[in-house]
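Each remark here refers to the structure printed beneath this line.
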Amino acid sequence: MPGAIYAEGLVKTFGDVRALDGVDLDVPEGTVLGLLGPNGAGKTTTVRCLTTLLQPDSGKAVVAGLDVLKQPNEVRRSIGLSGQFAAVDEYLTGRENLQMVGQLYQMRARAAKARAEELLAQFDLADAADRPAKTYSGGMRRRLDLAAALVVSPPVMFMDEPTTGLDPRNRQLLWEVIKQLVSGGTTLLLTTQYLEEADHLAHDIAVVDHGRVIARGTSDQLKARTGGERVEVVVHDREHITLAGEVLAGFGKGELTVEEHTRKLTVPVTGGAKLLAEVIRELDVRGIEIDDIGLRRPTLDDVFLSLTGHVAEIKEAESDEQAGPKGRGQKTEAAK
Amino acid sequence: MSAISDSLVITRRNLIRMTRIPEMVIFGLVQPIMFVVLFTYVFGGSIQVGSSTSTQAYREFLMAGIFAQTVTFATAGAGAGIADDMHKGLIDRFRSLPMTRGAVLTGRTIADLAQTALTLVVLAIVALIVGWRTHENFGKVLAGFGLLLLLGYAFSWIGALIGLSVRTPEAATSGGLIWLFPLTFISNAFVDANQMPTFLRHIAEWNPFSATVQACRELFGNLPPGFKASDAWPMQHPVWASLLWSVLIITVFRTLAVRKYRRAGA
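Okay, structure coming up:
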């Protein structure tokens, strides 16, 4: 049986740009899929196709057991969408916004009113309930937006970069809400540029780049693909680099890399903290003074870099020059 | 059923917005009041209508024209409002909800109708102050205002289509206004169309706007002494012509606007 969110071969072009180039997804009921990718990778377009806002050129999409293309209105009853930009009416108060959304989900006025009250309390907006949303802080608007998406407690939720631009405190708050939601059985598709966020919230991660899913798996599986843990040492004296290299090579399970100017040596290892202790002892015995040493597990940043050849997030713009001719050029030709 | 209730929910939203931005409503009142005062005192007495050059005859003749011009300005408001909505995240929320597709537009046009009604009330009071009078029974006068509201409602659908077709709210405002000036001036609104050159006179007689103006003059009893309506059908049967024009505009532009809304972003 396909999952609560299922997509097969979604393609969407805007003029010459192939925004989606055959996206496949399968999100089992009650789980969270993190859609991870840089700006322009196709995350938002994917969400817009799955939430009936955009019609894909080809492909298949099923949400909550309903065909997105054939039964869009039924799909809309079963989903909640919280977008990249807080989709609230800034001249309406928080309460009026939530009531309006409730009524547009076809709730009766009284039920919508009661539900708005609950949500305002749950999202810590009760004090601001009767102020126009334009007076809200960024974090409050996001919370109101998320509350609006949850008015009917939809079984399937879509969140498009829910924490982009939020301060750490508000991000934490939103994460807590999302975790509660998921523990209640909601299926969630979450897009994010923050690798940490996907790591933190998602059961599975799909890495998207140039309109395709280029890798999927759990956070641990993806990290394992990049290689396991490694030891990183920064020696105090430049003269000790060669000697330290010999020591590390003895413990290493792969190629040693050396950065002369930062006096940093890195080598892949297995054996964890116990091995780290042995390395430290050996360096000490040889009289090598060190500034820093640590066991590094790969971050999703490393995963991204190894998968796409460019770093995620804002650095996208800088790497465009390298990625451009290679990635984009090929695709434009394919589109023709 | 949900088509009506959804539209009313959106109407309510837009009415609440108007109370939160009262300056929009107030500025909407200033221009027509200025027109009433300027035309009455600047042109009054120097423009011949029918066989009369009396200031009072022109005042009464003029008001239906200014009322009608005022209601057509709802076009710009509806256009700007909808263009503004379309460029905010809120429209994604609406489009992801299980609501009737046309409700966002219908709700907006109904709210604009409420604003038009308010504007007409204020304008009628100002007109009475400067000396406008009706000479028919109350029912007919109300029917005249009914035709004005219907015309305004029809024009707000033109505005809706403009609002959906442009990139910015500013473009919708100017795009909603510029063509209104020729439309309302090449008509019987401010002068007697019978005195226009033949070519313009034909345009003026078949102008949808002229039909409503002429209908209101009849229903208000504001036709000047010695005034002879032209033989063109809309001028002979202005009430029917006004109704038909408005219904036609609503049907055509509502269909186009709702279709455009559905396809927006797709």
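From first to last, the protein sequence lines stand for chains A and B. In this text, residue positions in the first sequence follow my numbering: the first is 12, and each later residue adds one. In this text, residue positions in the second sequence follow my numbering: the first is 2, and each later residue adds one. Glycine included, every Cβ here is placed at the ideal spot set by N, Cα and C.
Separation of TRP133 of chain B from GLY46 of chain B, as counted between CA atoms: Near 14 Å, if we compare the C-alpha coordinates of TRP133 of chain B and GLY46 of chain B.
Pick from B:ARG96, B:ALA216, B:THR169 that is closest to LEU148 of chain B, judged by C-alpha positions: Answer by Cα proximity: B:ALA216.
7 Å Cβ cut-off: residues of chain B touching ASN84 of chain A: PRO99
Rounded C-alpha distance that separates ALA345 of chain A from GLY53 of chain A: Caution is warranted here: a pLDDT of 33 is assigned to ALA345 of chain A, below 50, making its placement in the model unreliable, and the coordinate value is therefore given only provisionally. Spanning the two alpha carbons is a distance of roughly 17 Å.
Through-space distance from ALA255 of chain A to VAL296 of chain A, alpha-carbon basis: 11 Å
Boundaries of the beta strand (DSSP E) in which GLY4 of chain A is found, first to last residue: Nothing about residue 4 of chain A can be reported from this structure: the residues present for chain A run from 12 to 347 only.
Inter-residue CB distance, LEU157 of chain A and VAL193 of chain A (contact presumed, cutoff 8 Å): So it is not a contact: roughly 13 Å between Cβ atoms.
CB contact below 9 Å: ALA84 of chain B versus chain A: no
Closer than 9 Å to chain B by CB, VAL245 of chain A: Using beta-carbon distances, VAL245 of chain A does not count as an interface residue toward chain B, since no partner is under 9 Å.
is_contact[ARG18 of chain B, chain A] using C-beta, thresh 9 Å: yes
Reference ALA72 of chain A, options A:GLY94, A:THR104, A:ILE16, closest by Cα: A:ILE16
Rounded separation between ARG153 of chain A and GLY51 of chain A - CA only: 22 Å
Neighbour list for VAL26 of chain B in chain A, Cβ cutoff strictly below 9 Å: Chain A residues near VAL26 of chain B: none, gap ~13 Å exceeds 9 Å.
Short CB-CB distance (under 9 Å) between ILE92 of chain B and chain A: yes
Cut-off 8 Å between Cβ atoms - residues of its own chain near ASN195 of chain B, not counting five sequence neighbours on either side: ARG202, LYS229, SER231
Alpha carbon of ALA161 of chain B to alpha carbon of LEU244 of chain B, nearest angstrom: 20 Å
Coarse secondary structure for THR101 of chain B, derived from DSSP in three states: coil
Check whether THR24 of chain A and ASP78 of chain A have beta carbons under 9 Å apart: no
DSSP-derived helix/strand/coil call for MET19 of chain B: helix
Sufficient close CB pairs (3 or more, under 8 Å) joining the stretch 203 to 214 of chain A to the stretch 251 to 265 of chain A: With contact defined as three or more Cβ pairs closer than 8 Å, the stretch 203 to 214 of chain A and the stretch 251 to 265 of chain A are not in contact.
Rounded distance between the beta-carbons of THR169 of chain B and GLY80 of chain B, thought under 8 Å: The pair is not a contact, with the Cβ atoms about 11 Å apart (cut-off 8 Å).
DSSP state of THR110 of chain B mapped onto helix, strand, coil: helix
VAL278 of chain A (DSSP reduced to helix, strand or coil): strand
Straight-line Cα distance separating ASP35 of chain A from GLY70 of chain A: A straight-line Cα-Cα distance of about 9 Å links GLY70 of chain A and ASP35 of chain A.
9 Å Cβ cutoff, LEU115 of chain A in contact with chain B: yes
Neighbour flag for VAL259 of chain B against chain A, beta carbons, 9 Å: Under the Cβ criterion of 9 Å, VAL259 of chain B is not counted among the residues facing chain A.
Per-residue burial, ASN189 of chain B [other beta carbons within 10 Å of its own, 16 or more giving buried]: buried
Segment limits, alpha helix (DSSP H) that includes LEU184 of chain A: That run of the alpha helix (DSSP H) goes 179 to 194.
Residue from A:LEU103, A:VAL58, A:HIS247, A:ASP312 with nearest C-alpha to GLY91 of chain A: A:VAL58
Cβ pair PRO209 of chain B, ILE250 of chain B closer than 9 Å: In this structure, the beta-carbon distance from PRO209 of chain B to ILE250 of chain B falls below 9 Å.
ILE22 of chain B: contacting residues in chain A (beta-carbon distance under 8 Å): TYR102
Cβ-based burial, PHE169 of chain A [other Cβ within 10 Å; buried from 16]: buried
Nonlocal neighbours in the same chain, by C-beta distance under 8 Å from ALA120 of chain A, ignoring five residues either side: GLN110, GLN114
Chain B contact for ALA122 of chain A (CB, 9 Å cutoff): It does not: the Cβ of ALA122 of chain A has no partner Cβ on chain B nearer than 9 Å.
is_contact[SER6 of chain B, chain A] using C-beta, thresh 9 Å: Closer than 9 Å: yes.
Which residues DSSP lists as bridging ILE301 of chain A, in chain order: Per DSSP, A:VAL246.
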